[in-house]
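Structure, as structure tokens:
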Amino acid sequence: MDEEYPAHGVQGQSQDLHSERTGPGAQGDGEAPGPAAAPTGDDRVDHAVAGLRRLAGAPAEEHVAVLEEVHGRLRDILGELNEGAP
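Structure, rendered in structure tokens:
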């Protein structure tokens, strides 16, 4: 650690990067994507969330665009629901 960010009592502790990369939901090389998200009961939301499956085969530099697209769809759905609220 440096002077700006002291260790704060973490001496002798190490971060287990292997478990972070192989824990639940982690995907390694050549592995199939994890389980699909549980259905929400709203087809529009389910369709929007299904767009996240594109992340599995996409290079990291494309992830932001996919996440922004899914976020935009979900935000639009929430806006529509809000407009219909009493």
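If you're matching positions, the sequence shown starts at 6 in my numbering and goes up one per residue.
Every residue, glycine too, gets a C-beta built ideally from N, C-alpha and C.
Label residue i either buried or exposed according to how many other C-beta atoms from any shown protein chain fall within 10 Å of its C-beta, with 16 as the threshold for buried.
i: Ala55; result: exposed
i: Ala43; result: exposed
Excluding the 5 residues flanking residue i on each side, which residues of the same chain have their C-beta closer than 8 Å to its C-beta?
i: Ala63; result: Val71
Give every residue of the same chain whose Cβ lies closer than 6 Å to the Cβ of residue i, excluding the five residues on either side of it in the sequence, and list them in chain order.
i: Ala93; result: With the chain covering 6 to 91 only, the question about residue 93 has no answer from this structure.
Go to residue i, then tell me how far its alpha helix (DSSP H) extends in each direction, as first and last residue.
i: Ala70; result: 65-88
i: Glu53; result: For clarity, residue 53 is Ala in the given sequence; the question names Glu instead. Residues 48-55.
Of the choices the options, whose alpha-carbon is the least far from that of residue i?
i: Asp81; options: Gly46, Ala43, Val50, Leu60; result: Val50
i: Glu73; options: Leu60, Gly84, Glu85; result: Leu60
i: Thr45; options: Gly89, Gly84, Leu79; result: Leu79
i: His76; options: Asp48, Ala53, Glu85; result: Ala53
Go through its chain and collect everything with a Cβ distance to residue i's Cβ below 7 Å, but skip five positions before and after it.
i: Asn87; result: none
i: His68; result: Leu60
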